[in-house]
Amino acid sequence: MLVAAFGLLATVFYFMSGALLMQRLRRAAGGEPPSDKGRLLLFSAWGAAIVLHALVLYHFMFGANGFGIGVFSVVSMTAWIIAVFLFVWSLRHPIHVLGIILLPFAGVTVALEMALAGGAPTATVADPGLRAHMLLAMIAFSLLTIAAIQAGLLALQNYSLHNHRPGGLIRALPPLSMMDSMLFHIIGWGFIFLTAALGTGLFVLEDILAQQLAHKVVFALIAWVVFAILLFGRFRFGWRGRKAVRWTLMGFAWLVVAYVGTKLVMEVMLGIA
């Protein structure tokens, strides 16, 4: 009962944070200076949502049933990591605009976990190496999810400016150069964690074919190659703008297929845990 209350409150605070962000950006677009009181309210609600979400995750993933690796728990955990990274970065960088999309999404994942993951037993992962591999993979996916949303906003900002229609919320966004730099900063960290996840996988995954992980590894490697080419193109040829957006979204699409698509097909459609 207490966990259900935590889950409900976490969902409410996530949606509240998204609404406060939208209100804050609308005021900025209208030329109003941001208020310290509004900032305090935003980060208080956001922080409360993160703490409550963590308690729900602990119950489902480290409770009596062990470390849950069901698809809904993994998605919820990923959303929590995204919310944490975004919270920390937003304290110093103007990246909190991404929260308009990502914070309500995190609230939805809490609700889904409460509704769909709570009644089913979760698989147990006792090996510390495998736990570390899974955590690295989730961090990588979380960071590159943030990068994909950032790329989408960058594309929208580019389109609006090139068509001489930089109105509405576009005016509240940081300059294009800053948006571009933040995108590659996030991609760089995501690529590091993705490399670490794939590297640790070589040591902790004993038989990829027997564990039915070959397809996941192949798709993740394709995503790794795409992001490696993107970063090389950035540092060697100065890729930016539309080309950077296209490669970012292409790499993220392969990652979604690897981390979410295959798990969803196996667990939900085929019933393979």
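UniProt numbering puts the first residue of the sequence shown at 1, with every later residue one more than the last. Cβ coordinates follow ideal geometry from the N, Cα and C atoms, glycine included. Remember, it's a predicted structure, so these values are computed and weren't measured experimentally.
Using alpha carbons as the reference points, say which of the options lies closest to residue i.
i	options	result
L144	P175, A106, A111, H185	H185
A132	F193, M179, L154	F193
L136	A253, L98, L153, A196	A196
L40	H53, L21, A28, V75	L21
S76	L55, A258, A19, V88	L55
S73	L42, M114, W89	M114
T200	W89, M134, F13, L25	M134
F87	P34, I50, R240, V226	I50
F13	A151, A45, S35	A45
H215	V257, V204, W239	V257
F252	A4, V226, G241, L202	V226
A4	G152, T248, L116	L116
N158	K37, F15, K243	K243
W89	I146, T248, A151	I146
L103	G152, F15, P34	F15
Starting from the C-beta of residue i, find all residues in its chain whose C-beta is less than 7 angstroms away, skip the five residues before and the five after it, and write them out in chain order.
i	result
L154	M179, D180, L183, V245
W79	Checking the sequence shown, residue 79 turns out to be Ala, not Trp. Cβ within range, chain order: F105, A106, T109.
S142	T78, I81, I82, F85
P139	For the record, residue 139 in the displayed sequence is Ile; it is not Pro. Result list for I139: I81, F193, in chain order.
Just the C-alpha distance for residue i and residue j, rounded to the nearest angstrom, thanks.
i	j	result
G7	G47	14 angstroms
H59	E32	42 angstroms
I149	Y259	17 angstroms
R236	S17	39 angstroms
L57	A228	32 angstroms
L198	M250	19 angstroms
S160	L176	11 angstroms
F191	G233	14 angstroms
G129	L255	22 angstroms
A28	I100	14 angstroms
V188	A19	A small fix is needed here, since residue 188 is Gly in this sequence, not Val. The straight-line gap from Cα to Cα measures roughly 30 angstroms.
W239	L42	35 angstroms
L231	Q23	35 angstroms
L2	F62	16 angstroms
G30	V218	48 angstroms
N163	F203	51 angstroms
P34	W247	34 angstroms
G38	G241	32 angstroms
D36	L156	28 angstroms
Excluding five sequence neighbours on each side, which residues of the same chain lie with their C-beta closer than 6 angstroms to the C-beta of residue i?
i	result
L52	F6, L9, A10
A210	Its pLDDT being 44, under 50, A210 is placed unreliably by the model, and the measurement read from it follows with that caveat. Excluding positions up to five away in sequence, the list is empty.
Going by the C-beta, is residue i closer than 6 angstroms to any heavy atom of the ligand MN?
i	result
W80	Absence of the ligand MN is noted for the structure shown, with no ligands found whatsoever.
Within a Cβ cutoff of 8 angstroms, which residues of the same chain sit near residue i, ignoring the five residues on either side of it in sequence?
i	result
L25	V97, I100, L169, A172
residue 324	No statement about residue 324 is possible, as the shown extent of the chain runs from 1 to 273 and does not include it.
Query raised in the report: On the three-pair Cβ rule with 8 angstroms, is the stretch 215-223 touching the stretch 167-186?
Result: Flag = no, the stretch 215-223 and the stretch 167-186 do not touch.
Query raised in the report: So, do the stretch 107-116 and the stretch 84-95 have three or more beta carbon pairs nearer to each other than 8 angstroms?
Result: Segments in contact, no.
Query - Minimum length 4: unbroken alpha helix (DSSP H) runs contained in the stretch 230-267 - result: List check, alpha helix (DSSP H) in window: 241-256.
Report task. At 4 residues or longer, and completely inside the stretch 158-206: list those alpha helix (DSSP H) runs for me, N to C. Result -> DSSP runs (the alpha helix (DSSP H)) wholly in the stretch 158-206: 176-204.
Report task. Could you pull out every unbroken alpha helix (DSSP H) segment of at least 4 residues lying fully inside the stretch 34-79, listed in chain order? Result -> Counting only runs of 4 or more, we get 36-62.
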